[in-house]
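K.L.:
Take a look at this one; I'll ask things after.
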Amino acid sequence: MYTLLWQTEPFTISSHTFYLSVILQFTWEEYDKRVKMIEMVKEKKFMKNRIDKLVEGTKKMILFMKYSLTWKESELAEENYKENLKLVRSIANEMSVSSTKRKNRIFTKKDEGVTSLVKLAEQVADECEGITTLASCLKLEGKRLSKDKICQLEICMELAETIYHESVTVLAYGDLYAMERIHKEREKLDRIIKEENTKRCDDKGEYVQNSTIDFCSLGIRNHIVKLADKCIACIEQRQQSVYIPVFDQNHM
């Protein structure tokens, strides 16, 4: 283009400057676009890293809850749980800070998938603390749950864990097919609890609850149900708006 213009018009300082400025402007605009694109990719990579850490920390908390229920926890496992709980809370707090208060914002208002994921991580952390507190109460009392009870709670825990993982795939990656799997796991959880409630009723159909074991195991089960329900509620709330992916994996 530049050569053609040079051949068709007589050379003057003004025309040369004009054409040069057009070329420079075009080059600068392209450069500016590329810089912005690189910054966006870096930001999305940073965001993905934070989300991965958030998810990994929550996974480890759920894993520790299983150890708590089966009395296999060690001081190291408990320390690991506390560290991950701290990590989840700190990342959730960091990512929840309003973009107006941060010079380099982590996410925009459009990235609702991130805000939903952060909210879910905070709620899971709350329920994790509830479950481990009740498990610690049983430990302090020096009492053990029966093998059947432990087995039942472990199954419930696994169902809640699956619901959580599927919820993450919906919130972070937009995999709406995971919803079907979430509801199937929730139905299984309902069946187990219904069977347990039937076993724990007297001849009149009234619920029997006396000992510390009954109270704690019931409390643990309720926390597991809350954990699962909060995952589902978070998903359903998210689905009410149009889905905007958190990050495009093709540009990572």
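So in our numbering, the last one in the sequence shown is 1348, and the numbering has no gaps at all.
All C-beta atoms, glycine included, are put in the ideal place defined by N, C-alpha and C.
1) Could you check if residue 1273 is buried or exposed, using at least 16 other CB atoms within 10 Å of its CB as the buried criterion?
2) Quick check: the segment 1248–1257 against the segment 1178–1191, are at least 3 beta-carbon pairs closer than 8 Å?
3) Give the straight-line distance between the Cα atoms of residue 1179 and residue 1158, rounded to the nearest whole angstrom.
4) Under 8 Å between the Cβ atoms of residue 1242 and residue 1330?
5) What is the DSSP secondary structure of residue 1334, counted as helix, strand or coil?
6) For the candidate residues 1292, 1283, 1145, 1234, whose alpha-carbon lies nearest to that of residue 1325?
7) For residue 1290, count neighbouring Cβ atoms within 10 angstroms of its own Cβ and tell me buried if that reaches 16, exposed if not.
8) Please classify residue 1190 as buried or exposed, where buried requires at least 16 neighbouring CB atoms within 10 angstroms.
9) Helix, strand or coil: how does DSSP classify residue 1242 here?
10) Determine whether the beta carbon atoms of residue 1316 and residue 1230 lie at a separation below 8 Å.
11) Quick check on this structure: which residue in 1177, 1261, 1285 has the alpha carbon closest to the alpha carbon of residue 1275?
12) What do you get for residue 1175, buried or exposed, if any count of 16 or more other CB atoms within 10 angstroms of its CB means buried?
13) Taking residue 1323 and residue 1285 to be in contact with their CB atoms under 8 Å, please state how far apart those CB atoms are, rounded to whole angstroms.
14) Which residues in the same chain have their Cβ closer than 7 Å to the Cβ of residue 1245, if we skip the five residues on either side of it in sequence?
P.N.:
Short version:
1) Taking the sequence shown and counting its residues from 1, one reaches residue 1273 at position 177. A residue is called buried when at least 16 other Cβ atoms come within 10 angstroms of its Cβ; residue 1273 does not meet this threshold and is exposed.
2) No, the segment 1178–1191 does not touch the segment 1248–1257.
3) On the sequence shown, position 83 is the one that residue 1179 refers to. On the sequence shown, position 62 is the one that residue 1158 refers to. Residue 1179 and residue 1158 have their C-alpha atoms spaced approximately 13 Å apart.
4) The sequence position of residue 1242 within the sequence shown is 146, counting from 1. The sequence position of residue 1330 within the sequence shown is 234, counting from 1. Cβ atoms of residue 1242 and residue 1330: not closer than 8 Å.
5) On the sequence shown, position 238 is the one that residue 1334 refers to. In the three-state reduction of the DSSP assignment, residue 1334 falls in the helix class.
6) Translated into positions along the sequence shown, residue 1325 becomes position 229. Nearest option by C-alpha distance: 1283.
7) Numbered from its first residue, the sequence shown carries residue 1290 at position 194. Flag for residue 1290 reads exposed.
8) For the purposes of this step, residue 1190 is taken as the residue at position 94 of the sequence shown. By the neighbour-count criterion, in which 16 or more other beta carbons inside 10 Å mark a residue as buried, residue 1190 falls on the exposed side.
9) Here residue 1242 is taken as the residue at index 146 of the sequence shown, counted from 1. Here residue 1242 sits in coil by DSSP.
10) Reading the sequence shown from its first residue, position 220 is the one you call residue 1316. Reading the sequence shown from its first residue, position 134 is the one you call residue 1230. It is a contact, given that the beta carbons lie within the stated cut-off.
11) On the sequence shown, position 179 is the one that residue 1275 refers to. Nearest of 1177, 1261, 1285 to residue 1275, Cα basis: 1261.
12) Your numbering for residue 1175 matches position 79 in the sequence shown. Label assigned to residue 1175: exposed.
13) In the sequence shown, the residue the question calls residue 1323 occupies position 227. In the sequence shown, the residue the question calls residue 1285 occupies position 189. Taking 8 Å as the upper bound for CB-CB distance, residue 1323 and residue 1285 are not in contact here, some 10 Å apart.
14) For this step, residue 1245 is matched to residue 149 along the sequence shown. Within the same chain, Cβ atoms closer than 7 Å to the Cβ of residue 1245 are found at 1313, the five residues on either side in sequence being excluded.
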